[in-house]
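The structure appears below as C-alpha cells.
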Amino acid sequence: MKRRQRISQAQVRKWLTVAVPAMFASMCLQAATLTNIVHAPTPSGGLQLQLQADADLSPGKAFMINDPPRLVVDLAATDSGLAQRTQPINAGPAQSVSVVPAEGRTRVVVNLTQPVRWSVNTSGKTMFVTLDAPVVGKVETASVGAGAAGGRSISDIDFRRGEQGEGRVIVDLTSADVQIDTRPQGGRLVVEFKGAALPASLSRRRRVSILV
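Each residue of the sequence shown is one higher than the last, beginning at 7 in this note's numbering.
Okay, here's the thing in C-alpha cells:
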C-alpha cells in the first residue's frame with residue numbers, strides 16, 4: 007500500500023511539473039480583444055491609427071503590399087470585438103481599414119491610396135500604426151546593380167531548413183525602410199523589394215532543392 011502511495015505521489019508531482027507551467031503559459035497567451043480603432047493626422051501630413059484593446063497587445067507582424075497598396079498587420083492571440091468589419095478612413099494615405107479575425111489571431115488591413123513609409127509600435131493595450139504622407143509624383147525604383155535611394159539594397163540571400171522541415175529563404179537588407187510586396191503568381195510566390203538595389207554578385211539563379 008505504501009509503495010502504491012509513493013507511486014501515486016510521484017505521478018502527482020510529475021503532473022504538476024508539466025501542468026502548472028503549461029497553465030501559466032496559457033494564461034499569459036490569453037487573447038486580447040480589439041475594442042476600437044481611432045485615427046488622427048500627423049504634423050507631417052501623414053496619419054496615425056490607434057488599435058485599442060482590452061488587454062496588452064502582442065508586437066504583431068506587419069508588411070506592405072504594393073498592388074493593391076495596403077498595409078497588413080497580424081495580431082497574435084487577439085480577437086475582434088468591433089461592430090463593423092470595415093471602417094472608412096478617407097484621410098491622408100488611408101482609404102479604409104478592415105479587421106479579419108481568424109483562429110487565434112486577427113488581421114488588420116489598411117487600404118491605401120499608394121504605398122507609403124510606415125511604422126508600427128505597441129504600448130500596452132494600444133498599437134500605433136503611423137503612415138507617412140503620400141509622395142506626389144512618380145516613384146523611381148532602383149535597377150539591378152544600381153544604388154538605391156538612401157543606400158537601400160539587398161546584402162545577402164541565404165537558404166535554410168526550418169525547425170519543422172520547411173524551407174526558408176533569408177534575405178538580408180541594408181535598411182528596414184524597404185517596402186516588400188509578396189504575391190502568388192502562376193503557382194509561384196513572388197517577392198518584390200521596392201526601391202532596393204540588387205548587387206550583380208547576387209543576381210543569379212539558385213538551386214534550392216537541397217536546403218541546409
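Beta carbons: idealized from backbone N, C-alpha and C, even for Gly.
### Query
Between Thr-93 and the rest of its own chain, which residues show a CB-CB distance below 7 Å, the 5 nearest in sequence each way excluded?
Sequence index remark: in the sequence shown, residue 93 carries index 87 (1-based). Strictly speaking, residue 93 in this sequence is Gln, with Thr absent from that position. Here the set comprises Ile-43, Ser-102 and Val-103.
### Message
On the criterion of 16 or more Cβ atoms from any shown chain inside 10 Å, does Phe-134 qualify as buried, or is it exposed?
### Response
The residue labelled residue 134 in the question sits at position 128 within the sequence shown. Residue burial annotation: Phe-134 is exposed, with fewer than 16 other C-beta atoms found within 10 angstroms of its C-beta.
### Query
Which parts of the region 162-186 are runs of the beta strand (DSSP E), unbroken and 3 residues or longer, counting only runs that do not cross its ends?
Within the region 162-186, the complete beta strand (DSSP E) runs of at least 3 residues are 173-179.
### Message
Within a Cβ cutoff of 6 Å, which residues of the same chain sit near Val-106, ignoring the five residues on either side of it in sequence?
### Response
Locating residue 106 in the sequence shown gives position 100, counting from the first residue. Answer for Val-106: Arg-113, listed in chain order.
### Task
Inspect the beta-carbon positions of Asp-73 and Ala-37 and report whether they are closer than 8 Å.
The residue you call residue 73 lines up with position 67 of the sequence shown. The residue you call residue 37 lines up with position 31 of the sequence shown. No. Outside cutoff.
### Task
Could you name the residues of the same chain whose beta carbon sits closer than 6 Å to that of Glu-198, not counting the 5 residues immediately before and after it, in chain order?
For the purposes of this step, residue 198 is taken as residue 192 along the sequence shown, with counting starting at 1. If we look at Glu-198 and ignore the five residues flanking it on each side, its Cβ neighbours are Asp-187.
### Query
When the Cα atoms are used, what is the spatial distance from Ser-50 to Ser-64?
Counting from 1 along the sequence shown, the entry for residue 50 is found at position 44. Counting from 1 along the sequence shown, the entry for residue 64 is found at position 58. As the crow flies, the alpha-carbon of Ser-50 is around 28 Å from that of Ser-64.
### Task
Throw me the rounded Cβ distance for the Gly-66 and Thr-128 pair, which I believe falls under 8 Å.
For the purposes of this step, residue 66 is taken as the residue at position 60 of the sequence shown. For the purposes of this step, residue 128 is taken as the residue at position 122 of the sequence shown. Between Gly-66 and Thr-128 a beta carbon distance of about 7 Å is seen, short of the 8 Å cut, so the two are scored as contacting.
#### Entry: Those residues which DSSP pairs with Leu-63 across a bridge
On the sequence shown, position 57 is the one that residue 63 refers to. For Leu-63, which the question treats as bridged, DSSP gives no partner whatsoever.
### Task
Please report how far the alpha carbon of Val-122 lies from the alpha carbon of Arg-167, in whole angstroms.
Indexing the sequence shown from 1 puts residue 122 at position 116. Indexing the sequence shown from 1 puts residue 167 at position 161. CA-CA distance, Val-122 to Arg-167, rounds to 33 Å.
### Message
Looking at Pro-99: is its Cβ nearer than 8 Å to the Cβ of Leu-137?
### Response
The residue you call residue 99 lines up with position 93 of the sequence shown. The residue you call residue 137 lines up with position 131 of the sequence shown. In contact: Pro-99 and Leu-137 (Cβ atoms closer than 8 Å).
### Task
Report the three-state DSSP secondary structure of Ser-104 (helix, strand or coil).
Taking the sequence shown and counting its residues from 1, one reaches residue 104 at position 98. If DSSP states are grouped into helix, strand and coil, Ser-104 belongs with the strands.
### Message
Alpha carbons only, please: which of Leu-77, Leu-40 and Ser-159 is nearest the one belonging to Gln-90?
### Response
As a working note, residue 90 is residue 84 in the sequence shown. Looking at Leu-77, Leu-40 and Ser-159, the one whose alpha-carbon comes closest to that of Gln-90 is Leu-40.
### Query
Which residues bound the beta strand (DSSP E) around Glu-109?
On the sequence shown, residue 109 is found 103 positions in, with the first residue counted as 1. Counting along the chain, Glu-109 falls outside any beta strand (DSSP E), and DSSP gives it neither H nor E.
### Message
Could you tell me the alpha carbon to alpha carbon distance between Gln-58 and His-45, rounded to whole angstroms?
### Response
Residue numbering aside, residue 58 sits at position 52 when the sequence shown is read from its first letter. Residue numbering aside, residue 45 sits at position 39 when the sequence shown is read from its first letter. Their Cα atoms are separated by approximately 11 Å.
### Task
Count the other C-beta atoms from every protein chain shown that fall within 10 angstroms of the C-beta of Ile-163, then say buried if there are 16 or more, exposed otherwise.
The residue labelled residue 163 in the question sits at position 157 within the sequence shown. With fewer than 16 other Cβ atoms inside 10 Å of its own Cβ, Ile-163 counts as exposed.
### Alpha-carbon to alpha-carbon, Ala-139 and Leu-35
For the purposes of this step, residue 35 is identified with residue 29 of the sequence shown, where counting begins at 1. For the purposes of this step, residue 139 is identified with residue 133 of the sequence shown, where counting begins at 1. Any reading at Leu-35 needs caution, since the residue's pLDDT is 48, under 50, leaving its predicted position unreliable; the model's value is listed next. Roughly 35 Å separates the two Cα atoms.
### Task
Assuming Ile-160 and Leu-204 form a contact by the criterion Cβ under 8 Å, report the distance between their Cβ atoms to the nearest whole angstrom.
Against the sequence shown, residue 160 aligns to sequence position 154. Against the sequence shown, residue 204 aligns to sequence position 198. Contact holds; Cβ gap of about 5 Å.
### Pro-49: first and last residue of the uninterrupted beta strand (DSSP E) it sits in
On the sequence shown, residue 49 is found 43 positions in, with the first residue counted as 1. First-last for Pro-49: undefined, no H or E at that position.
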